[in-house]
Every structure is written in structure tokens, then in C-alpha cells.
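What follows is a set of notes on a single structure, which appears directly below.
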Amino acid sequence: MALYEKQQYKEAFPLIEKAARTGNAEAQFQLGKMYQRGQGITESISQAFEWYEKSARQAFSNAQNNLGLMYQKGLGVKKDLNFARQWLAKAAKQTNPSAQYNLAFLYEEGLGVKQDLTTAFDWYLKAAELGHAKSQYKVGYAYQNALGIKRDDKKAMQWYKKSAEQGNINALHAVGVMYSKGWSVPVDKDKAIFWYTKAGEKGHMPSQANLCSIYVAGTSSSQQDWDRAFHWCSMAVENGDKQDAPFALGFIYLNGYAGQELDNQKAFQMLSIASENDLPIASYWLGVMYENGLGTKKDREKAAALYRKAADGGSGLARKRLQKLKENGSP
1 MALYEKQQYK EAFPLIEKAA RTGNAEAQFQ LGKMYQRGQG ITESISQAFE WYEKSARQAF
61 SNAQNNLGLM YQKGLGVKKD LNFARQWLAK AAKQTNPSAQ YNLAFLYEEG LGVKQDLTTA
121 FDWYLKAAEL GHAKSQYKVG YAYQNALGIK RDDKKAMQWY KKSAEQGNIN ALHAVGVMYS
181 KGWSVPVDKD KAIFWYTKAG EKGHMPSQAN LCSIYVAGTS SSQQDWDRAF HWCSMAVENG
241 DKQDAPFALG FIYLNGYAGQ ELDNQKAFQM LSIASENDLP IASYWLGVMY ENGLGTKKDR
301 EKAAALYRKA ADGGSGLARK RLQKLKENGS P
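Heads up: the sequence shown is residues 1 to 331, going by my numbering.
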């Protein structure tokens, strides 16, 4: 196993295979993992399944967990959620936290079993108490959303923080949300920024979008920061945000903020994305661009249509602009 830990897979493979063939359960599990990952040997999912099964039948919990997942996903064997549950349950009862998490997921989603959020919560909690970061996040989420347990934002925050301290990206974001919204703690935008930044740096798009919005608006302790806004808005757009971040980028390009050259065409492109995804303020500004021929050909009919869309979404500015168009004889 020492060679495996050093990632010397080709050298480790024959030694692990020899031990596996003598019936060593841990070696059988390790061999299955090497076949599954193609470590030191050509990848073979069917061989991985066979070795996991040999190890699992000797009650090696990690192998039972992996075997359950293979039945769940149909890897190396015909998909069978009943067998998946059985093997995951065997491992979970041996206090294997990964198996407890995976078993909880089956109950949460109703996969091969009747959906049971209470049972799901119980298994997530068992794994969370063993330090399993994903389960700690799930327990926090369950407390926050009353999934199988009574809502308790204070406990949600406690579990989110435990998970976040282990670097779980969803938990990092969740702690940021709790501080941003003031759920179980006083509203603290600076602490929200701290946690969103940790998640954003790991590529979490919703955190990036939230940072974008915060820096555009400013906080109680700081003014707007267009440079940081541009940084986070750009990252959020690259990762798929289609509302707040493209709107903010469009506004930055429209006004030449954050050291960017005024660029009506880029502004038009970004605002179009946000408008198409039903952000009223984006539809309003896109209407302004059509009305004035900024970044596009002047078109008062399209401007009016966008003002109506924004007004239907609750924009008072759009209603006023639409009224002025009508007064000037436009549609």
C-alpha cells in the first residue's frame, strides 16, 4: 500500500493483486479501485465490480459502499437500486460515513425506496457527526428548509459552519447567505463577503454573482467597488449566470466603469442576456439602448416592447418611459 500512497501505481499493482488473490479484503478493495480509475492497469469497470464484490462479501465497508454505488449507477453491472440500497445499508451500519451519506441520498430522492426525508435526515446526521463534510452541509440544509426535521436556522448555521470549515463549497456559500440575509445571525455584509469570496474562489457561480451584486451596491462599511464588481461579475458570467451578473457587466460597459472603455455593443450584448432571462431592470436599460440607438440600430417599437416587459416585471422607471413614448406618438 505504501507504493500506492506514493502514486507509484505500476509498481504497486502486482503487489496489491497478489494480496487480493490470497483473499485480503482491503487489497481486493484497493485492486477494484485501481481497475476503476485505471491506476497502474488499463481501466476495467467490470473488473472493478468483481473485486469490489469479493471485498464486500468479506464485509469491508468501503467496498460495500462502492459496490452499492455501482449498482446505483449501473457501472459494470445492470442498474439495480434495490441491491444498491442493500449494500449501502450494510456499509452504513458499520458507521461508514460515505455509505451513510449515499444511503441518505437514496431516501431523500426516493431511489429504490419510498421517499422518506426523516430517514434521509437521520442518516445524514449520523455521517455529519462523524465529520463527513457533505453530510454536514446536508444537515444544515435540512434544518434550514425543514426537510425531515423542524426548521431551525441556528442549527442550520452551526452545521453549515462545520462543513464550511472543511472547505465544502456549498456550505461556504450557505454561510455567506446566512450572514447576508440575517438568518440566525445579525446581517453582516462584510462577513457575507468573506464567505462568498471563499466559495467564489473555488468557482461557485452563485457566490460570484452575489459578490458582483454586493460590490455594485456597496455595503454599510464601504462604497461601490467597480473594479471588484467587474472581476466577480465577469467570473459569474463565464460560469453561467444569466441575470444579475450580465446586467451589472452591461451597466459597467455602458458607463465605462472599472477602467473599462465605454462599449455600447458589449453593454447591449450583456443586457440582452439578462433581459432574455427576465430581469426587469435589464429589459428597461435595453429599451433605453434601442430608443437611443446605443450599440444597436434605433428601434422605438422594440424599445416600447422592452419597456412593457420591464413594467410587467414591476419596473416603475419602465412605466414612466413607456408613457413618454406614447406621449411622443411612439407605439
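No residue lacks a Cβ here, since even glycine has one placed at the ideal position from N, Cα and C.
With distances taken between CB atoms, is the gap from residue i to residue j smaller than 8 Å?
| i | j | result |
| --- | --- | --- |
| Ala310 | Ser272 | no |
| His173 | Pro206 | yes |
| Met270 | Tyr253 | yes |
| Gly250 | Ala274 | yes |
| Ala199 | Gly218 | no |
| Ala20 | Gly40 | no |
Is residue i buried or exposed, if buried means 16 or more other CB atoms sit within 10 Å of its CB?
| i | result |
| --- | --- |
| Pro14 | exposed |
| Asn292 | exposed |
| Ala337 | Residue 337 is absent from the model: the chain starts at 1 and stops at 331. |
| Ala332 | The structure shown has nothing for residue 332, since the chain only spans 1 to 331. |
| Gly182 | exposed |
| Asn328 | exposed |
| Gly23 | exposed |
| Pro280 | buried |
| Leu111 | exposed |
| Asn62 | buried |
How many Å lie between residue i and residue j at the Cα?
| i | j | result |
| --- | --- | --- |
| Thr118 | Asn102 | 15 Å |
| Asn65 | Leu262 | 56 Å |
| Gly203 | Tyr107 | 29 Å |
| Gln158 | Gly140 | 7 Å |
| Asp152 | Arg300 | 52 Å |
| Ser333 | Ala27 | This structure gives no information on residue 333, because the portion of the chain shown stretches from 1 to 331. |
| Ala142 | Lys154 | 12 Å |
| Lys320 | Asp227 | 32 Å |
| Gly68 | Ala245 | 41 Å |
| Ala303 | Trp195 | 40 Å |
| Ser98 | Leu125 | 12 Å |
| Tyr215 | Lys134 | 29 Å |
| Ile169 | Asp188 | 20 Å |
| Thr42 | Lys33 | 12 Å |
| Gln30 | Ile16 | 7 Å |
Looking at the secondary structure, which residues open and close the alpha helix (DSSP H) in which residue i lies?
| i | result |
| --- | --- |
| Trp51 | 45-56 |
| Tyr246 | Sequence inspection shows Pro at residue 246; the Tyr mentioned does not correspond to that position. Segment 244-255, the alpha helix (DSSP H) holding Pro246. |
| Trp285 | 280-292 |
| Arg21 | 9-21 |
| Lys302 | 300-312 |
| Gly40 | No alpha helix (DSSP H) holds Gly40; DSSP gives it neither H nor E. |
In the DSSP output, what is residue i paired with across the bridge?
| i | result |
| --- | --- |
| Thr95 | In the DSSP output, where bridge partners are listed per residue, Thr95 has none listed. |
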